[in-house]
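Novice: Residue numbers (our numbering): 7 to 482. First, the structure itself, so that you have it in front of you.
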């Protein structure tokens, strides 16, 4: 444990209606501070006083810390400053000096935006392990600065590391918060088609919706949990994986293992369709159908050839016909390839198939039908390979109860939290059959994920952070 010193305090009062600076006060006081994050002695900090409260910002890009919920006005700035001067003459405990720990914890918009932007501007495409690890380094450092225990799981196959943060000394099944550090955007996107910017009530940037915005909301909420809060009863584990956008090939085992230790799982994917959370997702199965025929010269011995592309085409029509919109089952033959030269009857043709499955029984049904496909003649050979990559996430009674709890909290905070089902998959597909899972509780992504206009709604971020915080401290 290391002492740090607060050598300069700057208080900026903001008008509660306009948000514009209205008064500036400065003070110079030296205090001793203890914090397990190991801040260096003599560090300089800035305090900004606004309508949301007092927050502390380290100059070297560390996350904000909140030390008061006091509202700022023209009349009470001097009084607040005097109270701070008096307080500076004694030691602070970690609880007093870090986040404001109460049932009314605040999440200032400017602090959330500052933190989200810092994470967004560390580009982290899934298949660039070093880039993802730069992001993981920052998240790990931010958690350690809050005194939160972390564990790093080394990546493999060229992918990045996974990070686990644990808070709370409670025992028994707890709450798993599930996020990912990777994005679909390649390095250079920030300098090209999607720089960080704010336009009205929207903040833009690669991965800001999916899901660095939501991951930062979770970090902010967890950081404010107070071990002395008697309402908080369940230990919290935050897992941030490095490969969700490519199917979680190296993290699925970790996700399922942590889910087995949990009573609830909260997934910080973006809200959709106006900020709705997600209580059901289709499963995903991928298959490859390969056909072998007989190659011959297309001019000299065309009659003797067996065209693998034609055989595959017949089966494609039959496979696509299995789509059933009424039941929510979709089958898409997304790619086909075959043949070698225009003057050769093709020996081989291959189709890649994407299947979206609303329920596990439907998955068993469609896989059985695919395996029943037979060649049209003995001159052809069919080979089918594939599996269910993400099982369906269905809305069970336990999931409904968890959603109703979140909806009640949201109502108390002044907004309506509707739920939805979606065809897109997430890591929630792995956990829903293990523990009650609620997805889509990150930022309102305005249905922009994976686009060159990816963005988040700014104004709803504090409420959604508060909802997540209240879930963490009140779930039983």
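Where a beta carbon is used, it is the ideal one built from N, C-alpha and C, also for glycine. Values in this document were obtained by computation on a predicted structure and should not be read as measured data.
On the three-state DSSP scale, how would you describe residue 467?
Specialist: The answer is helix: DSSP assigns residue 467 an H, G or I state.
Novice: Check whether the Cβ atoms of residue 262 and residue 202 lie closer than 8 Å to each other.
Specialist: No, the Cβ-Cβ distance between residue 262 and residue 202 is not below 8 Å.
Novice: Is the region 251-271 close to the region 370-387, with three or more CB pairs under 8 Å?
Specialist: Not touching, per the Cβ criterion.
Novice: Using 8 Å for Cβ pairs, my map puts residue 251 next to residue 433. What's the rounded Cβ distance?
Specialist: That belief does not hold up - the Cβ atoms of residue 251 and residue 433 are roughly 10 Å apart, past 8 Å.
Novice: Using the C-alpha atoms, what's the distance from residue 189 back to residue 61?
Specialist: At residue 61 the pLDDT is 37, less than 50, meaning the model places this residue with poor confidence; the figure from the coordinates comes in the next sentence. Distance between the alpha carbons of residue 61 and residue 189 is about 30 Å.
Novice: Within 8 Å, do at least three Cβ pairs link the region 160-170 to the region 220-229?
Specialist: The region 220-229, when compared against the region 160-170, does not touch it at the 8 Å Cβ threshold.
Novice: Out of curiosity, what's the CA-to-CA distance linking residue 131 and residue 309?
Specialist: So the two alpha carbons sit approximately 50 Å from each other.
Novice: Which first and last residues belong to the beta strand (DSSP E) in which residue 456 is found?
Specialist: Here residue 456 belongs to no beta strand (DSSP E), and DSSP marks it neither H nor E.
Novice: Quick test of your reading: residue 484 and residue 209, contact by CB under 8 Å. State the CB separation rounded to the nearest angstrom.
Specialist: Given that the chain is displayed from residue 7 to residue 482, the structure contains no residue 484 and the question cannot be resolved.
Novice: Apart from the five residues just before and just after residue 482, which ones in its own chain have a Cβ nearer than 8 Å to its Cβ?
Specialist: Contacts found: 239, 240.
Novice: Using 8 Å as the threshold, is the C-beta distance between residue 352 and residue 305 below it?
Specialist: It is not a contact, given that the beta carbons lie outside the stated cut-off.
Novice: CA-CA distance, residue 443 and residue 334?
Specialist: Each residue's alpha carbon lies about 21 Å from the other.
Novice: Considering only DSSP beta bridges, list what residue 337 is partnered with.
Specialist: Per DSSP, 361.
Novice: What did DSSP end up calling residue 190 once you bin it into helix, strand or coil?
Specialist: Of the three classes helix, strand and coil, the one that applies to residue 190 here is coil, per DSSP.
Novice: Label residue 465 either buried or exposed according to how many other C-beta atoms from any shown protein chain fall within 10 Å of its C-beta, with 16 as the threshold for buried.
Specialist: Result: exposed.
Novice: Quick one: Cα of residue 344 to Cα of residue 312, how far?
Specialist: One C-alpha to the other measures close to 13 Å.
Novice: Check whether the Cβ atoms of residue 428 and residue 400 lie closer than 8 Å to each other.
Specialist: No, the pair does not count as a contact, with Cβ atoms beyond the cut-off.
Novice: Give me the Cα-Cα distance between residue 413 and residue 183, rounded to the nearest whole angstrom.
Specialist: Cα to Cα, the separation comes out at about 18 Å.
Novice: Are the CB atoms of residue 421 and residue 396 within a distance shorter than 8 Å?
Specialist: No.
Novice: Please look up how many angstroms separate the CB atoms of residue 217 and residue 185, rounded, as I've assumed it's under 8 Å.
Specialist: That belief holds up - the Cβ atoms of residue 217 and residue 185 are roughly 6 Å apart, short of 8 Å.
Novice: What's the gap between the Cα of residue 322 and the Cα of residue 354?
Specialist: Spanning the two alpha carbons is a distance of roughly 15 Å.
Novice: So, under 8 Å CB-CB, residue 118 and residue 146 are touching, yes? Tell me the CB distance rounded to an integer number of Å.
Specialist: Between residue 146 and residue 118 the Cβ distance is about 20 Å, and since that is not below 8 Å, they are no contact.
Novice: Would you please state the rounded distance, in angstroms, between the beta carbons of residue 283 and residue 451? I believe it to be under 8 Å.
Specialist: Contact flag wrong, Cβ pair sits at about 12 Å.
Novice: Could you tell me the distance, in whole angstroms, from the CA atom of residue 369 to the CA atom of residue 362?
Specialist: Rounded to the nearest angstrom, the two C-alpha atoms are 9 Å apart.
Novice: Roughly how many angstroms lie between the CA atoms of residue 120 and residue 231, to the nearest whole one?
Specialist: C-alpha separation (whole angstroms): 20 Å.
Novice: Note down, in chain order, each residue of its chain lying with its Cβ closer than 8 Å to the Cβ of residue 193, except the 5 sequence neighbours on either side.
Specialist: Only 129, 131, 134, 137 meet the Cβ criterion.
Novice: Mind checking whether the beta-carbon of residue 297 lies closer than 7 Å to any heavy atom of the ligand NAP?
Specialist: Questions concerning the ligand NAP fall outside what the structure shown contains, since it holds no ligand whatsoever.
Novice: Please report how far the alpha carbon of residue 331 lies from the alpha carbon of residue 152, in whole angstroms.
Specialist: Roughly 49 Å between the two C-alpha positions.
Novice: For the beta strand (DSSP E) that contains residue 321, what are its first and last residues?
Specialist: That residue, residue 321, is in no beta strand (DSSP E); its alpha helix (DSSP H) goes 314-326.
Novice: Please state the DSSP three-state secondary structure of residue 129.
Specialist: Residue 129 falls in the coil class under three-state DSSP.
Novice: Identify the continuous alpha helix (DSSP H) that holds residue 136 and give its terminal residues.
Specialist: Per DSSP, residue 136 belongs to the alpha helix (DSSP H) from 135-151.
Novice: Check whether the Cβ atoms of residue 245 and residue 264 sit closer than 8 Å, and answer yes or no.
Specialist: The answer is yes: Cβ separation under 8 Å.
Novice: In the DSSP assignment, what residue or residues form a beta bridge with residue 293?
Specialist: DSSP output for residue 293 lists 359, 392 as bridge partner(s).
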